[in-house]
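Participant: This is the structure I have questions about; it appears just below.
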Amino acid sequence: NKNLRRISIIILGFSILLLIIAIALINNTIRLSVYSKRFLIKSMQLVGATQAFIRRPFILKGILHGILGAFIAILLLVGILYFSQQEIPELVNLQDADLFISIFGFVILLGIIISWMSTFFAVKKYLNLKADSLYY
């Protein structure tokens, strides 16, 4: 039990590290996408578009990418669980459908939240940018 607990803590730490890396990658990717459209954002502001109107397409695209990423993660989880159950039946003994549904729901929700927050803050930065700062 003591070794199992240590392994669980190591895996949890590694998972948290991978989550932080994933958040950083998503945030940087979205920031690059928004940066490439900074002149369009400023033009929309100049003709009177509200911040919510400018932000909406970026957020919807970010949420769509989050959902797509979550489904890819779910497919990988299902594949890993299937093959691990075929090779070592004692290792994975998960027959509870409610547990799978809750895990998959959590993965989808986490993908949506991470991509939404990253998109929101990246767009917010460029909405508050002055026209002189667009060229840097």
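Just so we're aligned, residue 1387 is where the sequence shown starts under the working numbering, counting upward by one.
A virtual CB, placed ideally from N, CA and C, is assigned to each residue, including glycine.
None of these values were measured; they are calculated from a predicted model.
Taking V1433 as part of the alpha helix (DSSP H), name the residues at either end of that continuous run.
Facilitator: From DSSP, V1433 is part of no alpha helix (DSSP H); its letter is neither H nor E.
Participant: List the endpoints of the continuous alpha helix (DSSP H) containing L1398.
Facilitator: 1388-1422
Participant: Assuming the contact rule is C-beta atoms closer than 8 Å, I1440 and I1427 should be a hit. Round their C-beta distance to whole Å, please.
Facilitator: 6 Å
Participant: By Cβ distance, which residues of its chain are closer than 6 Å to L1515, with the 5 residues on each side in sequence left out?
Facilitator: none
Participant: Alpha carbon to alpha carbon, how far is L1467 from A1459? Give it in angstroms, no decimals.
Facilitator: 12 Å
Participant: To the nearest angstrom, how far is it from the Cα of S1501 to the Cα of L1418?
Facilitator: Between S1501 and L1418, the C-alpha separation is close to 14 Å.
Participant: I'd like the list of long-range same chain contacts for V1493, defined as Cβ closer than 7 Å, with 5 residues on each side in sequence excluded.
Facilitator: Only A1456, A1459, I1460 meet the Cβ criterion.
Participant: Enumerate in chain order the residues of its own chain whose CB-to-CB distance from I1449 is below 7 Å, with the five nearest sequence positions on each side excluded.
Facilitator: I1498, S1501, W1502
Participant: Can you grab the Cα-Cα spacing for the pair I1487 / L1432, in whole Å?
Facilitator: 46 Å
Participant: Would you mind sorting T1505 into buried or exposed? The rule is 16 or more other CB atoms within 10 Å of its CB.
Facilitator: buried
Participant: Classify F1444: buried if its beta carbon has 16 or more other beta carbons within 10 angstroms, exposed otherwise.
Facilitator: Label assigned to F1444: buried.
Participant: Out of Y1421, L1454, G1434, which one is the CA nearest neighbour of K1510?
Facilitator: Looking at the Cα atoms, Y1421 is the closest of the given residues.
Participant: Would a C-beta distance cut-off of 8 Å place I1416 and A1508 closer than the cut-off?
Facilitator: yes
Participant: On the CB-based measure, 16 or more other CB atoms within 10 Å of its CB, does Y1521 come out buried or exposed?
Facilitator: exposed
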